[in-house]
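Residue numbers (our numbering): -8 to 79.
Below is one structure, written out as structure tokens, with a few remarks after it.
Printed below as a string of structure tokens:
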């Protein structure tokens, strides 16, 4: 039950991110990944159990790590775009 609420909350956050970015005219994959990752981190912290962590929450670490790696990839691409030619 808690797992379903968590997933529903994350899906709602992601849909809200898409709608907000579309309204602002800034819809891009990079910003969507960033917004979704922020939502995942916030939701994970807000719903953290005090005493015992269910098994499914332990697997969230892998999803978070994947999101951080994807975000790092996008940031590396941006840095490469900004660097003058011949630096790399």
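Beta carbons are placed, not taken as given, at the ideal position from N, Cα and C, and that holds for glycine.
query = Pick from 29, 69 and 40: whose alpha carbon is nearest that of residue 54?
reply = Within the chain shown, the letter at position 63 stands for residue 54. For the residues 29, 69 and 40, the minimum Cα distance to residue 54 belongs to 29.
ask   = Would you report the Cα separation of residue 121 and residue 57, rounded to the nearest angstrom?
value = A query on residue 121 cannot be resolved here, the shown segment of the chain reaching from -8 to 79 and no further.
message = Taking 8 Å as the threshold (C-beta atoms), are residue 24 and residue 60 in contact?
response = Along the chain shown, one-based indexing puts residue 60 at 69. Along the chain shown, one-based indexing puts residue 24 at 33. In this structure, residue 24 does not lie closer than 8 Å to residue 60 by Cβ.
query = For residue 0 versus residue 34, is the C-beta spacing smaller than 8 Å?
reply = As a first step, residue 0 must be located in the chain shown, where it is residue number 9. As a first step, residue 34 must be located in the chain shown, where it is residue number 43. Yes; because the gap between Cβ atoms is below 8 Å, this pair is in contact.
request  = Grab the span of the alpha helix (DSSP H) containing residue 66 for me, first residue to last.
outcome  = In the chain shown, counting from the first residue as 1, residue 66 sits at position 75. Looking at the DSSP string, the run of the alpha helix (DSSP H) that includes residue 66 is 51 to 73.
task = Spatial neighbours of residue 38 within its chain, please: CB distance less than 7 Å, with the 5 preceding and 5 following residues excluded, ordered by chain position.
result = For this step, residue 38 is matched to residue 47 along the chain shown. Excluding sequence neighbours, residue 38 sits near -3.
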